[in-house]
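Visitor: Handing you this structure, nothing more for now.
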Amino acid sequence: MNEKASLFKKIISHLNAGGRFINIDVVLPPSEELESWYFAIWRDWLGHTMKRYNVKDEVPEDLIKRYKDPSSMNKPDTLSNQLTALEEAGFLDVDCYFKNGIFVVFGGKR
0 MNEKASLFKK IISHLNAGGR FINIDVVLPP SEELESWYFA IWRDWLGHTM
50 KRYNVKDEVP EDLIKRYKDP SSMNKPDTLS NQLTALEEAG FLDVDCYFKN
100 GIFVVFGGKR
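Residue 92 in numbering that gives the first Met the number 0 sits at position 93 of the sequence shown, with consecutive numbering throughout.
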């Protein structure tokens, strides 16, 4: 999370007073139970969407593995930790504006 905290500090330094930072990201669920539920919902949505658009591929079974791959450039953290990092960087009115499973839109104001 140190990298994100540092990034958030850099971002706030480039904003004008009253400027907003909005981040669209994926987050780690706070528990394994929620993670299983969120990924079941995501797989189901992918399956329906692929069927709707006549995509013949299968829904990848390794979604969770790829999402959490430590060698990936993506370094998800919990929403709670990210909101805290924004506040610690000096952002005001920090909040999550939208959340659907692991997909979130959050941010704050300078």
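The beta carbon of each residue, even a glycine, is placed where N, CA and C say it ideally should be.
#1: How is the beta strand (DSSP E) around Leu91 delimited, first residue to last?
#2: Is Val93 closer than 8 Å to Ile23 when the C-beta atoms are compared?
#3: Quick one: grab the DSSP three-state call for Asn22.
#4: Measure the alpha-carbon distance for Asp76 versus Arg51 and round it to whole angstroms.
#5: Out of Phe102, Lys98, Leu91, state which residue places its alpha-carbon closest to the alpha-carbon of Phe20.
#6: To which residues does DSSP link Leu27 through a beta bridge?
#7: What would DSSP say about Met9, mapped onto helix, strand or coil?
#8: Which residues does DSSP pair with Phe105 in a beta bridge?
#9: Is the beta carbon of Tyr37 closer than 8 Å to that of Pro28?
#10: For Asp43, does the three-state DSSP call read helix, strand or coil?
Guide: So, to answer that:
#1: First-last of the beta strand (DSSP E) with Leu91: 91-99.
#2: Cβ distance not < 8 Å, so Ile23 and Val93 don't count as in contact.
#3: The answer is strand: DSSP assigns Asn22 an E or B state.
#4: About 32 Å.
#5: In terms of CA proximity to Phe20, Leu91 leads the group Phe102, Lys98, Leu91.
#6: Leu27 is bridged by DSSP to Thr77.
#7: According to the sequence as given, residue 9 is Lys; it is not Met. Note: Lys9 maps to helix in three-state DSSP.
#8: Here Phe105 is bridged, per DSSP, to Asn22, Cys95.
#9: By the CB criterion at 8 Å, Pro28 and Tyr37 fall inside the cutoff.
#10: Helix, per DSSP.
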